[in-house]
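See below for the structure under consideration.
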Amino acid sequence: MHRFFDKFRRMNIILRLFVIIIVVFISFGACIHVIEPENFPTIFDGVWWVVVTTATIGYGDYVPKTIIGRSVAIMMILIGVAFVTFYMVTIATSIFKTLDALKEGSAAYKGKEHLIVVGWNERSKNTIQHLHFINPTLHIVLIDDSLTENPLADRNVYFIKGNTTKDETLKQANIEKAGTVLITADQNMNEHAADMQSILTLLAIKGLNPLIYCIVEILTQEQVNNARRAGADELIETYLVSSYIMVTSIHSHGLSTPILSLLNLTKERRLALVTPTAELCEQTFSHGVELLLKEGFLLIGIKKGEEFLIYPSPSITIEINDELLVIVH
Numbered sequence: 006m007h008r009f010f011d012k013f014r015r016m017n018i019i020l021r022l023f024v025i026i027i028v029v030f031i032s033f034g035a036c037i038h039v040i041e042p043e044n045f046p047t048i049f050d051g052v053w054w055v056v057v058t059t060a061t062i063g064y065g066d067y068v069p070k071t072i073i074g075r076s077v078a079i080m081m082i083l084i085g086v087a088f089v090t091f092y093m094v095t096i097a098t099s100i101f102k103t104l105d106a107l108k109e110g111s112a113a114y115k116g117k118e119h120l121i122v123v124g125w126n127e128r129s130k131n132t133i134q135h136l137h138f139i140n141p142t143l144h145i146v147l148i149d150d151s152l153t154e155n156p157l158a159d160r161n162v163y164f165i166k167g168n169t170t171k172d173e174t175l176k177q178a179n180i181e182k183a184g185t186v187l188i189t190a191d192q193n194m195n196e197h198a199a200d201m202q203s204i205l206t207l208l209a210i211k212g213l214n215p216l217i218y219c220i221v222e223i224l225t226q227e228q229v230n231n232a233r234r235a236g237a238d239e240l241i242e243t244y245l246v247s248s249y250i251m252v253t254s255i256h257s258h259g260l261s262t263p264i265l266s267l268l269n270l271t272k273e274r275r276l277a278l279v280t281p282t283a284e285l286c287e288q289t290f291s292h293g294v295e296l297l298l299k300e301g302f303l304l305i306g307i308k309k310g311e312e313f314l315i316y317p318s319p320s321i322t323i324e325i326n327d328e329l330l331v332i333v334h
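So the sequence shown is residues 6 to 334, counted in our numbering.
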């Protein structure tokens with residue numbers, strides 16, 4: 006018995022109230038059946054009368070006739086209505102607390118195979134919007150310490166507020182069951198400090214889930230090797246991307262527009278890596294271009310191992326373990 010009450014005390018308050026209400030309903034239902042069996046032929050009829058009377062104003066299909074029965078009814082109304090009202094208020098309070106927690110980023114995420122985006126800025130905002138354009142059902146968890154509420158609550162984005170170098174914040178985002186992590190540079194820090202913060206976040210993440218795929222944005226060349234040593238699976242070297250486009254624009258005015266248009270193909274899933282078919286294996290690059298054009302693909306490069314070859318020699322051979330960089334018509 007002591008074990009039962011100990012377990013009962015540890016139950017959720019809503020569940021405890023529900024159990025108490027059920028016990029009260031059955032007790033009064035059985036009691037009125039015993040007192041007035043002619044008016045309440047079964048215990049279920051008694052319980053039905055208790056539920057209807059406490060939850061509504063009553064239907065009048067079952068009414069106690071005796072003084073004792075009516076006395077029981079008075080006690081039942083006073084006790085039952087109090088419990089039911091308290092139960093409803095507790096549920097409403099719990100719902101509002103949950104909604105506030107979701108909005109403010111204090112509720113834990115329970116899903117799995119989700120994408121975690123660290124940091125809120127224009128880059129992460131555009132990334133999330135593009136990802137949802139490609140896959141509207143993708144579950145994304147945004148972690149940021151500077152926001153006060155979820156900025157993308159209407160876009161299937163779950164918000165966690167907290168410091169990403171702390172284990173409790175990462176566990177709140179269910180880092181152990183996540184699929185991929187994107188760490189963006191903190192816009193409120195200088196470049197060096199932002200990179201150091203990103204690497205610390207990476208170390209914390211890899212400490213909790215060594216196998217998770219981590220993509221890290223790096224702003225300075227000096228921290229590239231440190232990010233790789235910390236376990237980054239892929240680096241986005243923002244300084245390189247920006248400087249390449251700037252240099253291209255200086256030497257060839259207006260060329261930045263087609264370059265950005267080419268990058269924008271990823272949003273429409275038109276720039277992709279595909280595995281070669283049996284027909285393409287052992288074929289030259291030039292022959293592969295001809296074969297893929299007939300199927301609506303423009304072959305522009307080959308990935309051999311970790312090396313990307315953009316528009317390689319026409320005589321280079323496509324192998325079974327290669328990946329083909331194509332533009333889909």
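Here a beta-carbon is modelled for each residue, glycine too, at the ideal position from N, C-alpha and C.
Considering only their Cβ atoms, is the gap separating residue j from residue i smaller than 8 Å?
i                 : j                : result
glycine 110       : isoleucine 165   : yes
leucine 304       : leucine 265      : no
asparagine 179    : lysine 102       : no
lysine 108        : asparagine 155   : yes
isoleucine 25     : valine 52        : no
leucine 120       : leucine 143      : yes
phenylalanine 290 : proline 263      : no
serine 261        : isoleucine 250   : yes
aspartate 238     : tyrosine 218     : yes
asparagine 161    : isoleucine 145   : yes
glycine 310       : valine 333       : no
isoleucine 210    : glycine 124      : no
glycine 85        : valine 29        : yes
serine 5          : asparagine 193   : Only positions 6 to 334 of the chain appear in this structure, which leaves residue 5 out of reach.
threonine 132     : threonine 169    : no
threonine 47      : isoleucine 82    : no
tyrosine 67       : phenylalanine 88 : no
Provide the residue span of the beta strand (DSSP E) that contains residue i, from first to last.
i              : result
threonine 262  : Counting along the chain, threonine 262 falls outside any beta strand (DSSP E), though it belongs to the alpha helix (DSSP H) covering 261 to 269.
isoleucine 188 : 185 to 188
isoleucine 332 : 328 to 333
isoleucine 323 : Segment: none, isoleucine 323 is in no beta strand (DSSP E) and carries neither H nor E.
isoleucine 165 : 162 to 166
isoleucine 223 : 218 to 223
Compute the beta-carbon to beta-carbon distance between residue i and residue j, rounded to the nearest angstrom, for a pair I have assumed lies under 8 Å.
i                : j              : result
isoleucine 241   : isoleucine 220 : 6 Å
leucine 147      : valine 186     : Between valine 186 and leucine 147 the Cβ distance is about 12 Å, and since that is not below 8 Å, they are no contact.
glutamate 181    : threonine 225  : Not quite, the Cβ-Cβ distance comes to about 31 Å (not below 8 Å), so this is no contact.
leucine 20       : threonine 95   : Leucine 20 to threonine 95, Cβ: 11 Å. No contact.
threonine 322    : glutamate 287  : 6 Å
leucine 278      : lysine 308     : 6 Å
glycine 335      : leucine 297    : Outside the shown range of the chain, which is 6 to 334, sits residue 335, and nothing can be said about it.
leucine 216      : alanine 235    : About 15 Å separates the two Cβ atoms, so there is no contact after all.
phenylalanine 33 : valine 77      : 7 Å
threonine 174    : glycine 167    : 3 Å
Since residue i is in the alpha helix (DSSP H), which residue starts that stretch and which ends it?
i              : result
threonine 174  : 172 to 177
leucine 208    : 196 to 213
leucine 314    : Not the alpha helix (DSSP H): leucine 314 falls in the beta strand (DSSP E), residues 312 to 315.
isoleucine 250 : 243 to 256
asparagine 231 : 229 to 234
Can you tell me whether residue i is buried or exposed? The criterion is at least 16 other CB atoms within 10 Å of its CB, across all chains shown.
i             : result
glutamate 41  : buried
glutamate 222 : buried
glutamine 177 : buried
methionine 80 : exposed
aspartate 149 : buried
histidine 38  : buried
tyrosine 244  : exposed
proline 319   : exposed
alanine 198   : exposed
alanine 97    : exposed
glycine 259   : exposed
alanine 232   : buried
aspartate 191 : buried
leucine 268   : exposed
Please confirm whether residue i has its beta-carbon closer than 8 Å to some beta-carbon of chain D.
i          : result
valine 333 : The structure shown contains no chain D; it holds only a single protein chain.
### Task
Jot down the residue ranges of each uninterrupted alpha helix (DSSP H) in the segment 10 to 77, minimum 4 residues, whole runs only, in chain order.
18 to 40 and 48 to 60
#### Entry: Ordered list of beta strand (DSSP E) runs contained in the segment 100 to 155, each at least 3 residues
120 to 123 and 145 to 149
### Task
Taking only runs that begin and end inside the segment 272 to 302, name each unbroken alpha helix (DSSP H) of 4 or more residues, in chain order.
290 to 299
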